[in-house]
Amino acid sequence: MTPSLFPPALFAWYDRMRRPLPWRAPPGAPADPYHVLLSEIMLQQTTVGTVIPYFARFLERFPTLDALAAADETEVLALWSGLGYYARARNLWRAAREIAARGLFPRRTEELRALPGFGPYTAAAVAAIAFAEPIVPVDGNVRRVIARLHALDLAGPALDRRVRGIAEAAAAEPLFRARPGDGVQALFDLGAALCTPRAPLCLTCPLAPGCQARAQGLAEALPRPKPKLERPERFGLHFLVRDAEGRVLLRRRPASGLLGGLWELPGAPWRERAYRAEDAAHHAPLKARWRVLGEVRHGFTHFRLSLLILGAELSAFPRLGVSEDKEKTGEESALVPHAPESLARLPLSSVMRKCLALGGRLAQESGPAHRAAG
DNA sequence: AAGGCGGGGCC
DNA sequence: GGCCCAGCCTT
210 MTPSLFPPAL FAWYDRMRRP LPWRAPPGAP ADPYHVLLSE IMLQQTTVGT VIPYFARFLE
270 RFPTLDALAA ADETEVLALW SGLGYYARAR NLWRAAREIA ARGLFPRRTE ELRALPGFGP
330 YTAAAVAAIA FAEPIVPVDG NVRRVIARLH ALDLAGPALD RRVRGIAEAA AAEPLFRARP
390 GDGVQALFDL GAALCTPRAP LCLTCPLAPG CQARAQGLAE ALPRPKPKLE RPERFGLHFL
450 VRDAEGRVLL RRRPASGLLG GLWELPGAPW RERAYRAEDA AHHAPLKARW RVLGEVRHGF
510 THFRLSLLIL GAELSAFPRL GVSEDKEKTG EESALVPHAP ESLARLPLSS VMRKCLALGG
570 RLAQESGPAH RAAG
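Numbering of the first sequence is given in the working numbering, commencing with residue 210 and proceeding in unit increments.
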């Protein structure tokens, strides 16, 4: 007897417990496709609590999909600053432009899948939530719920294949076909509130009666965690230099790759060996009396980063930006002075905002320049 | 199939 | 500290 993914108890629980998230329409009302699209892109590998303030700011600045499509890519990237996975911002902007140019919002999974940044999950989620297509998007929540409901003691691609098959079969269940958007969001809420990765609250779970992992005492043990990959340490050396007006020298990273298109403090390439303050002479963007401002640590998905930050104050910047556009030649992009009040509207990563926060120490303590790190 | 791609909240 | 999150893309 295969358990149902969408029993009546699930909808009853959802109708009582559903989270009033800002992109959700009131019960019974149709969801705004633009709101659903925007939230789903933001929610990729990102928690609800993190997304909510970003979602609000985006809607305030870009109330409609057409407004987003008409914006500059850089402004979208700036509004995305701190949210991470910045390719999402570019893809979101490109997707909005494609939809606006076409004049019709794609409604089916197949059409949504063609938009940039729309993989199998996001396409299915938008189709189900915004357009009531009976398809079950498989995210981390759904994978966990299904793995437990069917006691799938698998991992990796094998688990994904089984889960996908079960999700496709579940899409045929009558209760789900009557309320596809509520059905998938019920699974999300279930995964967030009850069927949690650790310490699941099976006692009040509407799926508990049919849950095979629960019956076998395996609920918390499934799904099996992926083997952990090691995170190597990398080191950088960056320079925070200000002129008398408080302007900071920044450069733009290449448009693709890590932190693509974001501004950063000039510095030396990130490497496996630590830098010392003495390396300033070789890597500094200009001649100055550099002081150690501090060390900034930051964790990325696949490596840890430790940045040594040197600072200096100049009365005025020397002539900068010899070449207008060096990016095509593969060289570093030009240094550009930025006023402090403009930083909030600039595409900046969280790690660089940490570095800039050390700038407060520039104005203080007028002691002698440090000669060494640590 | 595997790895690059952010960041923060939680235990 | 490690783990996980409403994943996608490239190789």
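Note that the Cβ used here is the ideal one computed from N, Cα and C, for glycine as well.
Are the Cβ atoms of residue i and residue j separated by less than 8 Å?
{"i": "Gly328", "j": "Ile250", "result": "no"}
{"i": "Leu384", "j": "Arg371", "result": "no"}
{"i": "Ile518", "j": "Gly508", "result": "no"}
{"i": "Val512", "j": "Gly476", "result": "With the sequence shown as reference, residue 512 is identified as Phe, and Val is not the correct amino acid for it. No. Outside cutoff."}
{"i": "Leu321", "j": "Val335", "result": "yes"}
{"i": "Cys414", "j": "Leu403", "result": "yes"}
{"i": "Pro212", "j": "Gln421", "result": "yes"}
{"i": "Val163", "j": "Leu514", "result": "In the structure displayed, the chain extends from 210 to 583; residue 163 sits before or after that span and is not available."}
{"i": "Leu277", "j": "Trp302", "result": "yes"}
{"i": "Thr318", "j": "Ala333", "result": "yes"}
{"i": "Tyr330", "j": "Val347", "result": "yes"}
{"i": "Gly470", "j": "Arg461", "result": "yes"}
{"i": "Tyr294", "j": "Gln254", "result": "yes"}
{"i": "Pro432", "j": "Arg373", "result": "no"}
For my contact list, residue i and residue j are in at a C-beta cut-off of 8 Å; report their separation, rounded to the angstrom.
{"i": "Leu368", "j": "Ala381", "result": "That belief does not hold up - the Cβ atoms of Leu368 and Ala381 are roughly 21 Å apart, past 8 Å."}
{"i": "Ala304", "j": "Leu324", "result": "4 Å"}
{"i": "Gly392", "j": "Phe215", "result": "5 Å"}
{"i": "Leu523", "j": "Asp452", "result": "5 Å"}
{"i": "Ala521", "j": "Arg506", "result": "Going by Cβ atoms, the distance from Ala521 to Arg506 rounds to 22 Å, so no, they are not a contact pair."}
{"i": "Arg482", "j": "Phe526", "result": "With a Cβ gap of about 30 Å, Arg482 and Phe526 do not count as contacting."}
Could you tell me which of the options sits nearest to residue i, measuring between CA atoms?
{"i": "Pro556", "options": "Leu567, Leu459, Val335 and Glu429", "result": "Leu459"}
{"i": "Ala543", "options": "Gly568, Leu410, Ile308 and Trp472", "result": "Trp472"}
{"i": "Ala221", "options": "Arg299, Leu396 and Ala379", "result": "Leu396"}
{"i": "Leu552", "options": "Thr413, Leu288 and Val245", "result": "Leu288"}
{"i": "Ser465", "options": "Arg528, Arg440 and Arg299", "result": "Arg299"}
{"i": "Leu567", "options": "Pro406, Ala489 and Leu474", "result": "Leu474"}
{"i": "Ala296", "options": "Leu412, Leu468 and Ala489", "result": "Leu468"}
{"i": "Arg233", "options": "Glu377, Ala401 and His244", "result": "His244"}
Within the continuous alpha helix (DSSP H) that includes residue i, where are the two ends?
{"i": "Leu368", "result": "Gly365 to Ala379"}
{"i": "Pro528", "result": "Residue identity check: residue 528 is Arg in the sequence provided, not Pro. First-last for Arg528: undefined, no H or E at that position."}
{"i": "Ser248", "result": "Pro242 to Met251"}
{"i": "His492", "result": "Ala489 to His492"}
{"i": "Leu166", "result": "Any answer about residue 166 is impossible in this case: the structure gives the chain only from 210 up to 583."}
{"i": "Leu321", "result": "Thr318 to Leu321"}
{"i": "Arg297", "result": "Ala296 to Arg311"}
{"i": "Leu459", "result": "Not the alpha helix (DSSP H): Leu459 falls in the beta strand (DSSP E), residues Val457 to Arg461."}
{"i": "Pro217", "result": "Pro217 to Met226"}
{"i": "Arg506", "result": "Not the alpha helix (DSSP H): Arg506 falls in the beta strand (DSSP E), residues Arg500 to Gly508."}
{"i": "Leu274", "result": "Leu274 to Ala279"}
{"i": "Tyr263", "result": "Val257 to Arg270"}
{"i": "Lys563", "result": "Ser559 to Ala566"}
Helix, strand or coil for residue i, going by three-state DSSP, please let me know.
{"i": "Pro168", "result": "Because residue 168 is not part of the residues shown, which for the chain are 210 to 583, the question remains open."}
{"i": "Glu439", "result": "coil"}
{"i": "Ala521", "result": "strand"}
{"i": "Ala336", "result": "helix"}
{"i": "Leu286", "result": "helix"}
{"i": "Gly426", "result": "coil"}
{"i": "Val345", "result": "coil"}
{"i": "Trp472", "result": "strand"}
{"i": "Pro478", "result": "strand"}
{"i": "Gly328", "result": "coil"}
{"i": "Ser542", "result": "coil"}
{"i": "Leu516", "result": "strand"}
{"i": "Asp362", "result": "coil"}
Looking at residue i and the ligand FMN, is the gap between the Cβ and the nearest heavy atom below 7 Å?
{"i": "Arg451", "result": "Among the components modelled here there is no ligand, and therefore nothing to report on the ligand FMN."}
Which stretch, first to last residue, makes up the beta strand (DSSP E) that contains residue i?
{"i": "Leu412", "result": "Segment: none, Leu412 is in no beta strand (DSSP E) and carries neither H nor E."}
{"i": "Pro315", "result": "Premise fails: Pro315 is in no beta strand (DSSP E) and is neither H nor E."}
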